[in-house]
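FYI, the numbering for the sequence shown is -1, 1 to 544, going by mature numbering (1 follows the signal peptide of the UniProt record, and there is no 0).
What follows is a short report on a single structure.
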Amino acid sequence: ATTKRFNFNVEWKSVTRLCHTKPVLTVNGKYPGPTIAVNEGDNVQVTVTNKVDTNTTIHWHGVRQLRTGWADGPAYITQCPIGKGKTYTYNFTVSGQRGTLWWHAHFSWQRASVYGAFVIHPRLPYPFPFEPSPVVEAPPIIFGEWWNADVDAVESEMSRYGGGPNSSDAYTINGLPGPLYPCSIKDTFIQNVERGKTYMLRIINAALNDELFFAVANHTLTVVEIDAVYTKPFTTSAIMITPGQTTTLLLTADKSTGAFIMAARPYLTSVFPFNNSTTIGYLKYTTTPKLKPQLTLPPNLPAMEDTLFATRFTDRLRSLASADYPCNVPKTIDKRVVTTISLNLQDCPQNKTCKGYLNKQFFASMNNQSFSRPSTSILQSHYLNINGQYTTNFPDHPPHVYNYTGVDSVSENMNTEFGTRVVQVEFGTRLEIVFQDTNLLNPENHPIHVHGHNFFIVGRGFGNFDAERDVVGYNVVDPPERNTVGVPVGGWAAIRINADNPGVWFIHCHLEEHTSWGLAMGFIVKSGKEPTQCLLPPPSDLPVC
Ligand code: C2O
């Protein structure tokens, strides 16, 4: 295999947006960070050097990390953070995946600015299973959020007083807010296109807290891949994409001239006050002499809260399930875990003022377990058999049955337990997890991300999951395969996993505020009997706590 080496220096860089200048945490002084582009099968070595005063880690979001969990990155799950002045080399091989993924910091809210694209080219000659081929590869389009305030302060204020975070000040395309925001005309993303060519647009949602709709005026989009898995191609006027997800699109430049608005705005926003602002950029034909920016949003951009569009779009995603790209969904399962996803209210500590609902403090949980990070990494504790850092008793079922989608059941949703509980399974287990949104406090679509594995979304629905009724309707032929699933607001999603990657993995909501409040669980896959089924030993430069 070819080895591709990269150096990532985590450092501060002064950046100006919306007329506010502030130090922004970056990789190599770039905001957003550099694109990593490799070929399927490559060994990748990224040496991360921490040049700042605070801890950091980097996560390769969606990269399977087969047997190399030490390189996955979430702080206190697979490694201790990289301290000030320290270096760690993430060493892994990319196999069996091709398409668009991304990387981001996995410590505190650092991913607000520390993120970039991770592109895996298929082996040459590019066997793209769709037409036309070849296509022109455009630079990745990454959605993000910009805060005028210091993001660390926003995060600690939120977790300390248990209120919702202030919303960001702008959505961005490749770090650029676009002309609908103050002082931002020069900070506008422009993609040049030539008439008659077809472009591959790699879309990544790196926003901290919001699912987004995206559309390009007067152009249709063809979805061909999600989370580095090919899909049955289909055309659409717009897409919905959650934080953590990627979507690769084909766009044919079929107009003769002009500049066309591309826009992203939230589907449901999880932060207070609700932020209904919109980031725009342009698709500019090379025949257009001068850009005359127009500011009218594309009529094909869905409105905020358009759940019908989000549902219809999501329901059209299907695995290719072809001879070349088979769909390995487990047709039967060994174990099912049903877990609620909820936001909880706890009483405010004495003599404190809390900013959550009813002067209480927000937490979040799965099966009423609010996840606390241990003081050393779970992967190390697991590998070295250190006791006391976590327990393997994450409950298989919700603590009690109630009408999950009912309104105003705040009182039923009060008490959560705190701990570091994981689901532990044998190597090769065919596991099903059903995520049930409880919708009690804050109606949301939760993007649940699984580390170290892809999964198959065999079912989704609104209301309460009912195994007797719903399992018969599962798609076990060509369900979408991905690493992040949007659990519908007031509904459920069922995923199936082939637990074939030994190690310790994180399962969490990719809305950053929810992860901070504990909407997460650990997932351990034990090593199998064959040497090829075992977790590799830790690298010698693994950071210590
Ligand atoms: Cu993209 Cu655990 O994260």
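We treat Cβ as the ideally placed atom computed from N, Cα and C, and that holds for glycine.
What does a CB cutoff of less than 7 Å around residue i pick up in its chain, not counting 5 residues either side in sequence?
i, result
"ASN191", "LYS283 and THR285"
"THR514", "HIS507 and CYS508"
"ARG315", "PHE233"
"GLN532", "PHE426, PRO501 and SER526"
"PRO297", "ALA214, VAL215, ALA216, ILE260 and ALA262"
"PHE312", "THR235, ILE238 and MET239"
Quick one: is residue i near chain D, going by C-beta distance under 8 Å?
i, result
"THR247", "Of the protein chains in this structure there is only one, and it is not chain D."
Would residue i and residue j be called neighbours here (beta carbons separated by less than 8 Å)?
i, j, result
"VAL37", "LYS3", "yes"
"PRO31", "THR56", "no"
"LYS254", "ASN217", "yes"
"GLU416", "GLN379", "no"
"PHE117", "ILE35", "yes"
"ARG97", "ALA206", "no"
"SER376", "THR77", "yes"
"ARG495", "ASN453", "no"
"HIS445", "VAL486", "yes"
"GLY517", "SER371", "yes"
"VAL223", "LEU250", "no"
"TYR211", "SER112", "In the sequence as displayed, the identity of residue 211 is Leu instead of Tyr. Not a contact, by the Cβ cut-off of 8 Å."
"GLU39", "PRO133", "no"
"LEU248", "THR221", "yes"
"VAL135", "LYS231", "no"
"ILE225", "THR246", "yes"
"TYR198", "TYR324", "no"
"MET303", "ASN275", "yes"
Is any non-hydrogen atom of ligand 1 found closer than 7 Å to the C-beta of residue i, if you look at the structure I gave you?
i, result
"HIS445", "no"
"PRO73", "yes"
"PHE505", "yes"
"HIS58", "yes"
"residue 546", "Residue 546 cannot be examined here, being either before or after the span of the chain that is shown, -1 to 544."
"HIS103", "yes"
"HIS509", "yes"
"residue 546", "Here the chain covers residues -1 to 544 and nothing more, so residue 546 does not appear."
"HIS513", "no"
"HIS19", "no"
"HIS448", "yes"
"GLY243", "yes"
Which same chain residues, not among the five before or five after residue i, have their C-beta less than 8 Å away from its C-beta?
i, result
"LYS85", "THR48, ASN49 and PRO542"
"PHE464", "VAL337, VAL433, GLN435, TRP491 and ALA493"
"THR20", "SER13 and VAL14"
"LEU17", "TRP145, ASN147, ASP168, ALA169, PRO176, TYR180, PRO181, CYS182 and SER183"
"ILE332", "ARG429, LEU430, GLU431 and ARG495"
"ASP540", "THR86, TYR87 and THR88"
"LEU383", "none"
Looking only at its own chain, which residues have a Cβ that is under 6 Å from the Cβ of residue i, when we skip the five neighbours before and after it?
i, result
"ILE506", "VAL449, MET520 and PHE522"
"PHE7", "VAL26, VAL45 and VAL47"
"THR419", "SER371, PRO373 and TYR389"
"ASN42", "ALA(-1), THR2 and THR92"
"HIS396", "VAL337"
"ALA498", "VAL424, THR428, LEU430 and VAL524"
"residue 564", "Since the first residue shown for the chain is -1 and the last is 544, residue 564 is missing from the structure and cannot be characterised."
Can you tell me the Cβ-Cβ gap for residue i and residue j, rounded? I've got them flagged as a contact below 8 Å.
i, j, result
"ARG201", "LEU535", "Not confirmed; about 30 Å, so no contact."
"ALA(-1)", "THR99", "About 21 Å separates the two Cβ atoms, so there is no contact after all."
"ASN101", "ILE203", "Checking the displayed sequence, the identity of residue 101 turns out to be Trp instead of Asn. Confirmed, Cβ separation roughly 5 Å."
"LYS528", "GLN423", "17 Å between Cβ atoms; not a contact."
"PRO538", "ARG429", "Actually they do not touch by this definition, with Cβ atoms about 31 Å apart."
"residue 575", "GLY451", "Outside the shown range of the chain, which is -1 to 544, sits residue 575, and nothing can be said about it."
"PHE188", "GLY280", "3 Å"
"GLY257", "THR287", "6 Å"
"ASN90", "ALA70", "6 Å"
"GLN244", "THR483", "5 Å"
By DSSP, does residue i sit in helix, in strand, or in coil?
i, result
"PRO537", "coil"
"HIS105", "coil"
"ASN6", "strand"
"ASN358", "helix"
"SER321", "coil"
"ASP226", "coil"
"ALA492", "strand"
"PRO479", "coil"
"CYS302", "The sequence shown places Ala at residue 302, rather than the Cys named in the question. Coil, per DSSP."
"VAL543", "coil"
"GLY177", "coil"
"VAL336", "strand"
"residue 545", "No information on residue 545 is available, as it lies outside the stretch -1 to 544 that the chain covers here."
"THR86", "strand"
"PRO265", "strand"
Let me check you understand the geometry: is the CB of residue i closer than 7 Å to at least one non-hydrogen atom of ligand 3?
i, result
"HIS452", "Here the bound small molecules are ligand 1; ligand 3 is not part of this structure."
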